[in-house]
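Asker:
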Amino acid sequence: YDGTDKEIDVTIPAGATIKYKTNAQDEYSNTKPTFKDAGNYTVYYKVEIDNNYNVIENSVPVIITPKDVTVTADDKVKIYGEDDEELTYTAEGLIGNETLKGITLSREVGEDVGEYTITTTKDTTKDTNYNITIQNGTYTINKKTITEEEIKEIVSIENQVYTGEKVEPEIVIKDWDKIVPNTEYTVKYSNNVKPGTAKVTIKNVEGGNYIIET
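For the sequence shown, the numbering used here begins at 233 and goes up steadily by one.
Okay, here's the thing in structure tokens:
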């Protein structure tokens, strides 16, 4: 298959006429049949000269094989918490401006940081002019960074009263309007017994969905 019409080539004696048909039950026609799409066809033909010669009737197969095409799911990347990008693919080997109609993309379920498979599937009843080889892609979700400046804006610690004991106020971090689970980070207090300015150090855990920079 290359998107162009195909026809049989026939050499006949001078003075002869030839007629064609593509179905054994049809009447012969002067029009030579052409074929474009992939498939197996049969052309029946009849050659006549005059009454001194027998009429010749025969048939010949026409085979148009599908063209090889490779469809590859495009890799995608997003930051944790963002909406997914639209899944797309690249097709190599298509003829002209032709497009495929039977390709479906889906990605492995999951929203945590990591890599997820983008699966490419094909509908074998469509795009029959092409022999399609499919390749999957990867959807990567990267960690989201919360900076010290952002934490200072959202973490509010009221002044604490000296008690002689360690003062460890609860820390709540938000990612916009969503509370970041405390399993995503560790909190370390220092200089938090005597009157003065205490320090809170917040650090993301390994394997989590955030990079917390303080």
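Idealized CB from N, CA, C, for every residue including glycine.
When you compare each of T352, T356, Y312, T351 to D344 by their alpha carbons, which one comes out closest?
Answerer: Counted from its first residue, the sequence shown places residue 344 at position 112. Comparing Cα-Cα distances from D344 to each of T352, T356, Y312, T351, the minimum goes to Y312.
Asker: What does the alpha-carbon distance come out to for the pair V287 and V303?
Answerer: Here residue 287 refers to the residue found at position 55 of the sequence shown. Here residue 303 refers to the residue found at position 71 of the sequence shown. Straight-line Cα distance between these residues: approximately 50 angstroms.
Asker: Report the option in I366, R339, K333, Q367 whose CA atom is closest to the CA atom of T357.
Answerer: Within the sequence shown, residue 357 is the residue found at index 125, counting from 1. Comparing Cα-Cα distances from T357 to each of I366, R339, K333, Q367, the minimum goes to K333.
Asker: To the nearest angstrom, report how far apart T446 and N414 are at their CA atoms.
Answerer: Counting from one through the sequence shown, the residue named residue 446 turns up at place 214. Counting from one through the sequence shown, the residue named residue 414 turns up at place 182. Distance between the alpha carbons of T446 and N414 is about 15 angstroms.
Asker: Whole beta strand (DSSP E) runs in the region 396-440 with 3 or more residues, listed along the chain?
Answerer: Entirely contained in the region 396-440, the beta strand (DSSP E) runs reaching 3 residues are, in chain order, 417-422, 431-436.
Asker: Since T302 is in the beta strand (DSSP E), which residue starts that stretch and which ends it?
Answerer: As a first step, residue 302 is located in the sequence shown; it is residue number 70 there, counting from the start. Its beta strand (DSSP E) spans residues 299-305.
Asker: Check I383 in the structure and name its three-state DSSP category.
Answerer: Position 151 of the sequence shown, counting from 1, holds the residue named residue 383. It is helical.
Asker: Say whether the region 274-288 touches the region 318-330, bearing in mind that this needs 3 or more beta-carbon pairs closer than 8 angstroms, one atom from each stretch.
Answerer: The region 274-288 is not in contact with the region 318-330.
Asker: Would you list the one or two residues that DSSP bridges to L337?
Answerer: Indexing the sequence shown from 1 puts residue 337 at position 105. DSSP, once it has assigned bridges, lists T352 as partnering L337.
Asker: Considering only C-alpha positions, which residue in the set I240, S261, W408 is nearest to I295?
Answerer: What you label residue 295 is simply residue 63 of the sequence shown in a count that begins at 1. When only C-alpha atoms are compared, the closest one is I240.
Asker: With three or more C-beta pairs closer than 8 angstroms as the rule, is the region 424-437 touching the region 393-406?
Answerer: Flag = yes, the region 393-406 and the region 424-437 touch.
Asker: Near T377, which residues of its chain fall below 6 angstroms by C-beta distance, leaving aside the five closest residues on each side in sequence?
Answerer: Translated into the one-based positions of the sequence shown, residue 377 becomes position 145. Closer than 6 angstroms at the Cβ level, and outside the excluded window around T377, lie I443.
Asker: When DSSP builds the beta bridges, which residues end up paired with G346?
Answerer: Stepping through the sequence shown from its first residue, residue 346 is reached at position 114. For G346, which the question treats as bridged, DSSP gives the partners I373.
Asker: Does the region 365-376 come into contact with the region 334-354, if we say contact requires no fewer than three beta-carbon pairs (one atom in each stretch) closer than 8 angstroms?
Answerer: Contact between the region 365-376 and the region 334-354 is present, because at least three Cβ pairs lie under 8 angstroms.
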